[in-house]
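Going by the UniProt record's numbering, the first sequence opens with residue 1, and the numbers climb by one from there.
Just so it is clear, CB atoms sit at the ideal spot from N, CA and C, and this is done for glycine as well.
These notes concern the structure reproduced below.
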Amino acid sequence: MESLFGDTYEPQDEKSRLFADVILPVPIPKMFTYKIPRNLAEEVGIGYRVMVQFGQKKVLTGIIGKVHQKPPKEYEAKTILDVLDTYAMVNPLQIKFWAWMAEYYCCHIGEVMNAALPAGLKLSSESKVQLNPTYDADTSPYPLDEREEVILQALATKAELTYEDCQELVGVKTIHGILKSLVIKEAIIIFEQVKDKYTPKVENRIRLCHPYASDKQALERLFQEIAAKPKQEEVLLKYLQEIPVYQNPALNSKGVEKKVIADAGLSMSSLKTLIKNGVMEEYKLIISRFEDKEGSGEEIKLSEEQQRALNEIKQGFQDHQVNLLHGITGSGKTEIYIKLIEEALASGSQVLLLLPEIALTTQMVGRLQEVFGSRMGVYHSKYSDNERVEVWNGVISGKFAFVVGVRSSIFLPFDSLGLVIVDEEHESSYKQYDPAPRFHARDAAIMLSWLHQAKTLLGSATPSFESFFNARTKKYGYIQLNQRYGDAKLPEYILSDILVDKKKNLLKLDFTRVMREKIQEALNKQEQVLIFQNRRGYAPYISCEDCGWIPECEHCDVSLTYHQFSEEMRCHYCGFKENVPKVCPACGSGKLAAVGLGTERIEESLALLFPEARVARMDLDSTRSKYGYQRLLEDFGAGNVDILVGTQMITKGLDFDRVTVVGILDADRILYFPDFRAGERAFQQITQVAGRAGRRERKGTVVIQTRKPDHFVFDAVMKGDYKNFYVNDMTERQKFFYPPFVKLIKISSRHKDYKTAEKAARHLHNLLSDIQVRKIMLGPEKGLIGKIKNQYIFETLVKLDKSGNAQAVFKHELQKILEEIYSNKEYRSVRVVVDVDPY
DNA sequence: AGCACGCCGACT
DNA sequence: GTCGGCGTGCTC
Numbered sequence: 001m002e003s004l005f006g007d008t009y010e011p012q013d014e015k016s017r018l019f020a021d022v023i024l025p026v027p028i029p030k031m032f033t034y035k036i037p038r039n040l041a042e043e044v045g046i047g048y049r050v051m052v053q054f055g056q057k058k059v060l061t062g063i064i065g066k067v068h069q070k071p072p073k074e075y076e077a078k079t080i081l082d083v084l085d086t087y088a089m090v091n092p093l094q095i096k097f098w099a100w101m102a103e104y105y106c107c108h109i110g111e112v113m114n115a116a117l118p119a120g121l122k123l124s125s126e127s128k129v130q131l132n133p134t135y136d137a138d139t140s141p142y143p144l145d146e147r148e149e150v151i152l153q154a155l156a157t158k159a160e161l162t163y164e165d166c167q168e169l170v171g172v173k174t175i176h177g178i179l180k181s182l183v184i185k186e187a188i189i190i191f192e193q194v195k196d197k198y199t200p201k202v203e204n205r206i207r208l209c210h211p212y213a214s215d216k217q218a219l220e221r222l223f224q225e226i227a228a229k230p231k232q233e234e235v236l237l238k239y240l241q242e243i244p245v246y247q248n249p250a251l252n253s254k255g256v257e258k259k260v261i262a263d264a265g266l267s268m269s270s271l272k273t274l275i276k277n278g279v280m281e282e283y284k285l286i287i288s289r290f291e292d293k294e295g296s297g298e299e300i301k302l303s304e305e306q307q308r309a310l311n312e313i314k315q316g317f318q319d320h321q322v323n324l325l326h327g328i329t330g331s332g333k334t335e336i337y338i339k340l341i342e343e344a345l346a347s348g349s350q351v352l353l354l355l356p357e358i359a360l361t362t363q364m365v366g367r368l369q370e371v372f373g374s375r376m377g378v379y380h381s382k383y384s385d386n387e388r389v390e391v392w393n394g395v396i397s398g399k400f401a402f403v404v405g406v407r408s409s410i411f412l413p414f415d416s417l418g419l420v421i422v423d424e425e426h427e428s429s430y431k432q433y434d435p436a437p438r439f440h441a442r443d444a445a446i447m448l449s450w451l452h453q454a455k456t457l458l459g460s461a462t463p464s465f466e467s468f469f470n471a472r473t474k475k476y477g478y479i480q481l482n483q484r485y486g487d488a489k490l491p492e493y494i495l496s497d498i499l500v501d502k503k504k505n506l507l508k509l510d511f512t513r514v515m516r517e518k519i520q521e522a523l524n525k526q527e528q529v530l531i532f533q534n535r536r537g538y539a540p541y542i543s544c545e546d547c548g549w550i551p552e553c554e555h556c557d558v559s560l561t562y563h564q565f566s567e568e569m570r571c572h573y574c575g576f577k578e579n580v581p582k583v584c585p586a587c588g589s590g591k592l593a594a595v596g597l598g599t600e601r602i603e604e605s606l607a608l609l610f611p612e613a614r615v616a617r618m619d620l621d622s623t624r625s626k627y628g629y630q631r632l633l634e635d636f637g638a639g640n641v642d643i644l645v646g647t648q649m650i651t652k653g654l655d656f657d658r659v660t661v662v663g664i665l666d667a668d669r670i671l672y673f674p675d676f677r678a679g680e681r682a683f684q685q686i687t688q689v690a691g692r693a694g695r696r697e698r699k700g701t702v703v704i705q706t707r708k709p710d711h712f713v714f715d716a717v718m719k720g721d722y723k724n725f726y727v728n729d730m731t732e733r734q735k736f737f738y739p740p741f742v743k744l745i746k747i748s749s750r751h752k753d754y755k756t757a758e759k760a761a762r763h764l765h766n767l768l769s770d771i772q773v774r775k776i777m778l779g780p781e782k783g784l785i786g787k788i789k790n791q792y793i794f795e796t797l798v799k800l801d802k803s804g805n806a807q808a809v810f811k812h813e814l815q816k817i818l819e820e821i822y823s824n825k826e827y828r829s830v831r832v833v834v835d836v837d838p839y
């Protein structure tokens, strides 16, 4: 690309001049106004990617958020350097959505843009150096020093160099000064090169050259000519077999994949000769990364119960934008979704179905693909950048009217959504914690849907209490779906008291007697078992039996998790790794023991307890690879695994008939979590895990190991009494001011220095206290984890009155306070993080 | 976030 | 004496 500096010619009729407010990926909470050059005025609009100069030398790519005619008053706007698109990558509705998100979640619109655009669409510009063509060393009046010579010599052989190249060449840290001097001496030119990260997938194909395809005589003559070259003849015959141009010459233009020849075991060098002699030609075709498949178009049959629910949902859409479908596990929500999606698509609208990450690679997606074929786009985190760009473009082109995706798929360029479904609506993984925007995909999806004037359906077997609250207060429509599909039975629950077994010496490798018996029974009947423990690694930590020493992370305030498999200790917060010491570094004792239970350790125990069983483990560590998860699932589905132990992951979308026993090894860990949502989460998790037991005709058994068998959560779960549990929990929340009765905003201050972090948090807290709205404030307190990645953390929790404009006022004042903090020399290095709806 | 400008320590 | 460290101020 040519140098992008230098101004464009500008006519003086300022009135008709167009300006663009551009969203840039910088942490400054506003858009930046640029002039649109005359010659580009016709070619740009909202949503186009443009290149602009920002600051002294940086060239950035941004997205046009607004086009207008108001010249800025306080400064002279710079001019857009270039327009990168021939159509809008982002539509106006999306810009509105981004702006809402930035405001609601107290972040910058540039941060939203960053999260929204797939990496393949985020262009990066890199500064490069090239020789100034007018430069002549002999006539130049400026002498060069040694280091400058080095660079010029390098440029004699290489057309361009990056800054890094120059740095390496000269061997200094700050190359800036040297390059600047070279620019002044007119020896080099610095320019910005933008690289489009997206590369289309290309297929190499071959076909016959001009006369041969359509002229049979020419073709026959050709065969006579090469009769003596059997290898070339073979290639030609193979081609004609694939593409019968004799019957239909028009077929030739489509050609055939080059690798067909190689796959047939024919000579590639003969093909090369054919190409060289002008018999065949090679060409490239841009193809989609996604297979083209017809949907089955099958007629979905609904049970009576499902049909009733479907009718109620449609009725609900009449009066409510948002509807909650409360359907127990296995009640057949997928079929209802399919019906609704089909109808929405038939009416010409787009549909978005959100699923939590881990549910995406499972049966539901496969099922949907069967029905919808390649009309359906899939968008998830294991897709490559290129694949994501293709989904993005597919939504714009209309190829994908329906997308199933994770959290980030709410950012796809939909322009006419008619239906948004959020499945497993209660899932906490819909919340993005870090980095900003710290949004909740369910809540954002509702807003998105509202912007499109579309309908929203939230689905869950265990709705979040917020959503259920909204349903009970008639803000949302509410539809219940009770019957288990195909008459499956509810599981039987067994509470197994760990302490009792321990006393009687019945606890073996952390498994109670009942648990072992039930597993054995299932194994005897060739049935499958799931064991749930929401903790990966071998053990939460190791500890010295003599002095009690526990290894801790150097950078965070947590103990290191012991991973036996990789023989190391790892920090789950910052990724820090350390080898396991042979002896205790504190007292020299050799008695280091693993304490607590992780999935790895359970896997090992199971192998000892049930030596004949085939055991597998499913957690973040065993499913890292792109298809790791799928492989495990297929293995399990095919019956190659008898016992599967895993974390959260096994609670999602695992619908296997042969699972009859589900074990929860340490339910207490779920019960006692230090936040107001502990009860809700415990109910949800236990119910979801239990839901994996017993499908169809087999009755399942759920064994729960606990030290508190009389805890009220168990009672509620066993009775399936969601509503009563909800009501009880709500009284608590109302009494102690927690959502949904208030709005929570968590503000944390992070700094490498403990005192500074604390002082800044205090100061911030005081400023916030002065905001005149109805609110309650907690803190500032040391974070639950006091230090992460060498940053000390202090938190203030604000509970805002939900009625009136308390929220708006508070956020507005907060913005001002943050600006003040940021301009205060004492606190400017403190990182303040605002998290709206933090849990 | 970058990046420039500006003011103080360890080196030729 | 300078080179170059990073404090602080600004970016349409």
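{"Check": "Does the structure place the region 327-337 close enough to the region 301-312 that three or more beta carbon pairs sit under 8 Å?", "Outcome": "yes"}
{"Check": "Glu291: buried (16+ other C-beta within 10 angstroms of its C-beta) or exposed?", "Outcome": "exposed"}
{"Check": "Could you pull the DSSP bridge partners for Ser749 from this structure?", "Outcome": "Phe794, Val832"}
{"Check": "Helix, strand or coil for Met618, going by three-state DSSP, please let me know.", "Outcome": "strand"}
{"Check": "Go ahead and label Tyr246 buried or exposed: buried means 16 or more other beta carbons lie within 10 angstroms of its beta carbon, across all protein chains shown.", "Outcome": "exposed"}
{"Check": "Evaluate contact between the region 531-546 and the region 774-781, counting only Cβ atoms and requiring at least three cross-stretch pairs below 8 Å.", "Outcome": "no"}
{"Check": "Is the CB-CB distance between Ile410 and Leu451 below 7 Å?", "Outcome": "no"}
{"Check": "Spatial neighbours of Asp668 within its chain, please: CB distance less than 7 Å, with the 5 preceding and 5 following residues excluded, ordered by chain position.", "Outcome": "Thr706, Arg707, Lys708"}
{"Check": "On the DSSP bridge assignment, give the partners of Asn579 in chain order.", "Outcome": "Glu568"}
{"Check": "Would you mind sorting Glu424 into buried or exposed? The rule is 16 or more other CB atoms within 10 Å of its CB.", "Outcome": "buried"}
{"Check": "What does a CB cutoff of less than 6 Å around Gln688 pick up in its chain, not counting 5 residues either side in sequence?", "Outcome": "Thr651"}
{"Check": "Tell me the DSSP secondary structure of Lys719 in three-state form.", "Outcome": "helix"}
{"Check": "Would you mind stating whether Phe317 and Lys455 have Cβ atoms separated by less than 7 Å?", "Outcome": "yes"}
{"Check": "Whole angstroms is fine: what's the gap from Ala154's alpha carbon to Asp145's?", "Outcome": "15 Å"}
{"Check": "How should Asn252 be labelled, buried or exposed, when 16 other C-beta atoms within 10 angstroms of its C-beta is the threshold for buried?", "Outcome": "buried"}
{"Check": "Specify, as a first and last residue, the run of the beta strand (DSSP E) that Val406 falls within.", "Outcome": "Note, Val406: premise wrong, no beta strand (DSSP E); not H, not E."}
{"Check": "From the DSSP output, which residues share a beta bridge with Cys544?", "Outcome": "Leu592"}
{"Check": "Shortest alpha-carbon distance to Pro740 belongs to which of Lys799, Leu592, Ser397?", "Outcome": "Lys799"}
{"Check": "Is it a yes or a no for the region 527-537 touching the region 636-644, going by three-plus beta-carbon pairs under 8 Å?", "Outcome": "yes"}
{"Check": "With which residues is Thr162 paired in a DSSP beta bridge?", "Outcome": "Lys128"}
{"Check": "Any chance the region 108-117 sits against the region 176-189, with 3 or more Cβ pairs inside 8 Å?", "Outcome": "no"}
{"Check": "Could you check the C-alpha separation between Glu357 and Glu42 for me, to the nearest Å?", "Outcome": "41 Å"}
{"Check": "Identify every run of the alpha helix (DSSP H) within the region 271-330, keeping only runs that are complete inside it and at least 4 residues long; order them along the chain.", "Outcome": "304-319"}
{"Check": "Restricting to Cα atoms, I'd like to know which of Arg516, Leu744, Arg698 is closest to Asp657.", "Outcome": "Arg698"}
{"Check": "Using beta-carbon positions only, say whether Thr796 and Lys518 come within less than 7 Å of one another.", "Outcome": "no"}
{"Check": "Which residues in the same chain have their Cβ closer than 6 Å to the Cβ of Tyr493, if we skip the five residues on either side of it in sequence?", "Outcome": "Val702, Met718"}
{"Check": "Spatial neighbours of Leu274 within its chain, please: C-beta separation below 8 Å, excluding the five flanking residues on both sides.", "Outcome": "Gln232, Val235, Leu236, Met280"}
{"Check": "Of the residues Ile793, Gln321, Met101, which one's Cα is nearest the Cα of Lys746?", "Outcome": "Ile793"}
{"Check": "Return helix, strand or coil for Asn429, following the three-state DSSP convention.", "Outcome": "The sequence as given places Ser at residue 429; Asn does not occur at that position. Helix, per DSSP."}
{"Check": "So, are the CB atoms of Val67 and Leu18 less than 7 Å apart?", "Outcome": "yes"}
{"Check": "Taking the straight line between their C-alpha atoms, what separation do you get for Gly596 and Tyr541?", "Outcome": "7 Å"}
{"Check": "Would you mind sorting Gly486 into buried or exposed? The rule is 16 or more other CB atoms within 10 Å of its CB.", "Outcome": "Here the model assigns Gly486 a pLDDT of 49, short of 50, so the residue's position is not dependable, and the following value carries that caveat. Gly486 comes out exposed."}
{"Check": "Spatial neighbours of Tyr105 within its chain, please: C-beta separation below 6 Å, excluding the five flanking residues on both sides.", "Outcome": "Pro437, Arg438, Phe439, Val836"}
{"Check": "Label Phe372 either buried or exposed according to how many other C-beta atoms from any shown protein chain fall within 10 Å of its C-beta, with 16 as the threshold for buried.", "Outcome": "buried"}
{"Check": "What is the rounded straight-line gap between the Cα of Lys789 and the Cα of Ser496?", "Outcome": "40 Å"}
{"Check": "Measuring alpha carbon to alpha carbon, tell me which residue in Gly804, Glu390, Gly405 is nearest Lys399.", "Outcome": "Glu390"}
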